[in-house]
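Enquirer: Residue numbering for the sequence shown follows my numbering, beginning at 6 and increasing consecutively.
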Amino acid sequence: MSTTTSKKLNVKTGMDTESIKADILSHLRYSLATDIETANKKEFYKSVVLSVMDRLHDSWLNTQKEYREKKTKKIYYISMEFLIGRLLDNALVNLNLEQEFRDACKDLGYDYEEIRDIENDAALGNGGLGRLAACFLDSMATLGLAGFGYGIKYDYGIFKQKIHDGYQIERPDDWLRFGTPWATTRPSVMYPVRFYGRSVPYTDEDGHLRFKWENTQHVYALANDIPMPGFRNGVVNNLRLWKATSPKSLDLTSFNQGEYINAVRDIELHENISRVLYPNDKIFVGQELRLKQEYFLVSSTLQDILREYKQQHDDLRDLPKYVAIQCNDTHPNLAVPDLMRILMDEEGFDWETSWDITVKTLSYTNHTVLPEALEKWPVSMLRNLLPRHLQIIYEINKRFINKVHEHFGDDVNRVRRMSIISEGEQPSVQMANLGIVGTHKVNGVAALHTDLIKKTIFRDFFEMYPERFTNKTNGITPRRWLKQCNKPLADLITSEIGDSWITHLSDLRKLDDKVNDKKFMKKYSDIKQQNKERLAAYVKENYGFELNTKAIFDIQIKRIHEYKRQLMLAIYAAAQYNYIKANPDAPVVPRTIIFAGKAAPGYAMAKMFIKLINSISDKINNDPDMEGKLQCFFLDNYSVTLAEQLIPAADVSEQISTAGMEASGTGNMKFALNGAVTIGTLDGANVEIKEEVGDENIIIFGLTVEGVEELRRSGYSSWEYYNADKALKQVIDQIRDGFFEPDHPSLFHTITNSLLDGNDYFLVLADYPAYAEAQKEVDALYSKPDEWFKVALYNTARVGKFSSDRTISDYATDIWGCEDQLNKGREYQGS
């Protein structure tokens with residue numbers, strides 16, 4: 006490149022291909038000390054990312070400056086998980102620079118697709134809760150809200166899942182082995198986080214009783230920032246991730262004496278706090294390291310929020326006016342006692358003032374209807390780790406119980422249920438109760454879920470604080486989950502109705518009229534076939550499996566858990582195998598069944614489900630009689646990137662949890678948006694999807710919440726269902742007798758014992774006959790392609806409600822008090 010040409014280029018901020026090329030080359034030389042002739046793909050990828058970051062920095066800085074100058078109310082979203090996936094595509098979509106970067110890579114001799122694939126998924130989350138948080142950050146930036154995420158920068162993700170001999174094997178997910186160019190470390194933003202010690206009373210100069218938290222041990226929280234750009238609006242918000250660092254230096258005395266382990270032991274212990282993401286198996290198990298992680302996140306975040314607040318405002322009593330803090334699930338609910346501690350012990354406020362500020366500032370999102378999933382920390386653990394906080398929690402509880410007595414009288418059982426501190430020999434702090442008492446709003450994440458928590462696990466609290474409870478049905482960002490992951494469909498939609506749907510997803514309703522447009526429907530169906538072929542190529546390359554792209558792609562992807570009932574689909578696959586074997590000449594609609602998902606390492610039953618699925622798959626896939634008729638695969642190491650391949654290719658979306666157990670789900674929304682037909686129970690957000698797409702465009706089966714309750718109340722017997730259905734009985738017998746694992750015939754007895762002797766708590770057998778009939782509906786509809794794709798298109802067209810933009814707008818209006826900021830977001834979008 007000539008000197009004259011380079012002078013004309015705005016290398017760091019130019020949006021044209023030539024500027025981008027020049028910037029990539031500059032980073033290769035000056036950031037990475039290499040050049041285009043000698044660089045490897047990893048180095049080239051890093052240079053591409055650094056060039057993207059160059060184009061984000063001005064907007065990133067200007068956005069924060071505008072918030073400061075206007076004293077904008079800020080929203081702080083605290084979450085233990087942010088499942089952000091890969092960031093390159095997402096950033097380029099939101100910057101509208103996809104083609105320019107593709108062209109720049111091509112001109113420099115690289116395939117953009119190969120470069121993009123170098124990026125590891127950011128291993129900062131485990132499942133739906135973390136993916137929801139990532140969608141919310143995208144929507145906050147797109148709507149122009151001053152929204153900031155706070156999480157932990159885990160060195161290792163939950164684990165890399167490998168399948169060996171059908172079993173799940175966990176390997177370290179060392180996603181940061183080569184670092185990440187997306188994160189900017191802020192050495193000047195570092196806070197001490199304290200643990201242990203004791204709470205010491207004293208009398209202040211005004212004669213008031215005060216407390217000091219003394220003799221503590223501490224670790225430092227170091228800030229790492231990742232930019233979160235809005236969609237083509239100049240807004241770039243921030244995700245701040247805390248990394249634990251030791252306050253101690255290397256012990257040279259020990260080191261010089263040859264005690265190498267002791268020399269680094271204390272450093273390692275401190276830094277373990279952010280070492281690994283804990284798996285979530287929906288059954289709460291108290292672990293001190295997990296509690297440390299939660300307080301580490303809360304303490305560093307509150308210190309950061311208050312430092313920034315004090316730079317712009319004088320009076321902390323105005324905190325709720327300028328700050329909204331959202332606790333994503335119970336994990337950050339230690340913010341209640343920690344904010345109280347700061348306001349009283351460090352800022353000198355009295356209890357009543359501190360409590361008023363705390364409650365008005367904080368809000369809490371509940372994500373479960375399962376009592377066993379609610380966090381309960383042993384009082385003994387909190388007394389040891391956070392003694393001052395436990396003291397504050399006891400005082401909160403004492404004052405709250407007095408109010409319960411005032412409200413309900415001497416109802417001992419109600420008091421026991423509502424107490425933040427549970428009774429018994431080993432009392433515990435019930436974090437959900439603390440979250441309800443210490444915040445001004447508690448929201449569920451689907452209409453059914455919110456209704457259930459009001460009627461069941463939080464009924465007492467709802468009767469006392471009805472105004473605190475609100476519903477905010479979850480949503481997904483259309484930028485990643487349609488425009489980015491299904492570009493052919495996104496382009497087709499834009500060519501027909503324009504691109505307003507990208508920020509106003511309800512505009513997809515304009516597609517309703519296209520169901521009778523044969524030319525459009527042909528393009529729509531062709532795109533589904535192209536996506537199936539793209540998935541087949543991906544699976545062949547990464548897993549070695551050959552998918553039948555002419556078959557129904559029937560997909561269930563989610564965490565492996567009994568209530569999500571992967572077992573039901575596995576039984577169906579085995580029953581289909583038996584049917585084809587018994588009726589080799591009978592016509593069948595070809596089906597390719599695909600599972601993916603991780604089981605928590607300690608969840609033995611879920612891990613056994615994975616083994617069973619793989620054993621059934623081996624039987625099906627190795628039988629020549631199944632050729633062209635039936636396939637079954639388990640794809641290991643489920644991730645956001647794998648989901649981006651699977652969802653656009655799916656014909657059938659399996660959403661078959663036991664009614665009343667799934668809070669919402671967001672996978673159901675992603676599948677429907679991309680034209681998959683849902684087969685599901687009336688659980689979670691399926692209820693609202695059904696309302697939106699129409700009864701005839703979703704295949705619903707099985708027991709309702711009320712039906713589940715009635716069946717259990719009347720005396721459910723799984724043996725009756727087992728004996729009443731020959732096809733079902735045959736499969737259960739095969740599983741029990743070793744048909745699918747002949748070398749270990751008793752291997753799956755834990756599963757069959759749970760179904761029969763354990764009376765099938767998750768009602769798999771009770772719902773299976775209706776499920777099998779629903780699958781016949783799937784076959785019948787798929788056999789009529791014109792009808793099938795009309796149903797698929799109605800799903801795409803009618804799920805605009807499930808945009809995370811709508812969800813965040815609802816939060817901003819009803820919980821955070823930031824509705825005035827939404828107008829700013831719409832101005833940016835040009836609408």
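Virtual Cβ for every residue (Gly too), placed ideally from N, Cα, C.
#1: Where does Y773 land, buried or exposed, given buried means 16+ other C-beta within 10 angstroms?
#2: Taking 8 Å as the limit between beta carbons, can you name the residues of its chain near S279, skipping five residues before and five after?
#3: For the 8 Å Cβ check, are there 3 or more pairs between the region 633-641 and the region 589-606?
#4: For W180, which of helix, strand or coil comes out of DSSP?
#5: Answer yes if the region 386-393 comes into contact with the region 191-202, meaning at least three C-beta pairs across the two stretches below 8 Å, and no otherwise.
#6: Output the residue ranges of the alpha helix (DSSP H) runs that lie fully inside the region 708-760 and measure 4 residues or longer, sorted by chain position.
#7: Which class does M666 belong to by DSSP, given the choice of helix, strand or coil?
#8: Taking DSSP's pairing of strands, which residues face S251 in a bridge?
#9: Does T478 pass the burial test, meaning 16 or more other C-beta atoms within 10 Å, or should it be called exposed?
#10: Under three-state DSSP, which class holds W65?
#11: Return the residue from the list I507, M469, A109, M436 that minimises the CA-CA distance to N407.
#12: I want to know whether the region 513-527 touches the region 496-505 - three or more CB-CB distances under 8 Å.
#13: Among residues of its own chain, excluding the 5 on either side of K771, which ones have a beta-carbon nearer than 6 Å to its beta-carbon?
#14: Enumerated in chain order, which unbroken segments of the alpha helix (DSSP H) with a length of 4 residues or greater are wholly contained in the region 76-107?
#15: DSSP puts I704 in a beta bridge; with which residues?
#16: Output the boundary residues of the alpha helix (DSSP H) element that contains C140.
#17: Return the chain-ordered list of same chain residues with a C-beta closer than 7 Å to the C-beta of V594, the five sequence neighbours on each side being excluded.
#18: Let me see if you follow: with CB-CB separation under 8 Å, is A690 close to chain C or not?
#19: Report all residues from its chain with a CB closer than 8 Å to the CB of A668; omit the five preceding and five following residues, and keep chain order.
#20: What are the residues that DSSP puts in a beta bridge with T190?
#21: Please list the terminal residues of the continuous alpha helix (DSSP H) segment that includes A623.
#22: Measuring CB atoms only, is the region 562-569 touching the region 526-537, in the sense that at least three cross pairs come out at less than 8 Å?
#23: Give the straight-line distance between the Cα atoms of D825 and K326, rounded to the nearest whole angstrom.
#24: Would you check if there are 3 or more beta carbon pairs closer than 8 Å linking the region 791-803 to the region 116-136?
#25: Residue range of the alpha helix (DSSP H) that G672 falls in?
#26: Just to confirm the assignment, what range does the beta strand (DSSP E) spanning K165 have?
#27: Within 10 angstroms of the Cβ of M20, are there 16 or more other Cβ atoms? Answer buried if so, exposed if not.
#28: Pick from T77, Y283, D456: whose alpha carbon is nearest that of P177?
#29: Buried or exposed, going by whether 16 or more other CB atoms sit within 10 Å of the CB of Q316?
#30: As a quick exercise: from V57, W187, V281, pick the residue whose alpha carbon is nearest that of G162.
#31: Does S359 pass the burial test, meaning 16 or more other C-beta atoms within 10 Å, or should it be called exposed?
#32: To the nearest angstrom, how far is it from the Cα of T147 to the Cα of I560?
#33: Beta-carbon within less than 8 Å of L387's beta-carbon, same chain only, minus the 5 sequence neighbours each way: which residues are those?
#34: Could you spell out the range, first to last residue, of the beta strand (DSSP E) harbouring A601?
#35: In whole angstroms, give me the CA-to-CA distance for T189 and L244.
#36: Is it the case that the Cβ atoms of A138 and N333 are separated by a distance below 8 Å?
Expert: Working from what's here:
#1: buried
#2: I157, K158, Y159, D160, W247, K248, A249, Q298, F301
#3: yes
#4: coil
#5: yes
#6: 710-719, 723-729, 731-742, 754-760
#7: coil
#8: Answer is none; S251 lacks a bridge partner.
#9: buried
#10: helix
#11: M469
#12: yes
#13: At residue 771 the sequence reads Ala, which differs from the Lys that was named. Once the five neighbours on either side are set aside, the close Cβ partners of A771 are Y726.
#14: 93-100
#15: I684
#16: 133-147
#17: I557, D784, Y787, S788
#18: This model lacks chain C altogether, as it is built from one protein chain only.
#19: N371, H372, T373, V374, G449, V450, A451, H454, G689
#20: N229
#21: Here residue 623 is Asp; the residue named in the question, Ala, does not match the sequence. Segment 609-626, the alpha helix (DSSP H) holding D623.
#22: no
#23: 13 Å
#24: no
#25: 672-678
#26: 165-169
#27: exposed
#28: Y283
#29: exposed
#30: V281
#31: buried
#32: 31 Å
#33: L296, H394, L395, I398, V434
#34: 596-601
#35: 10 Å
#36: yes
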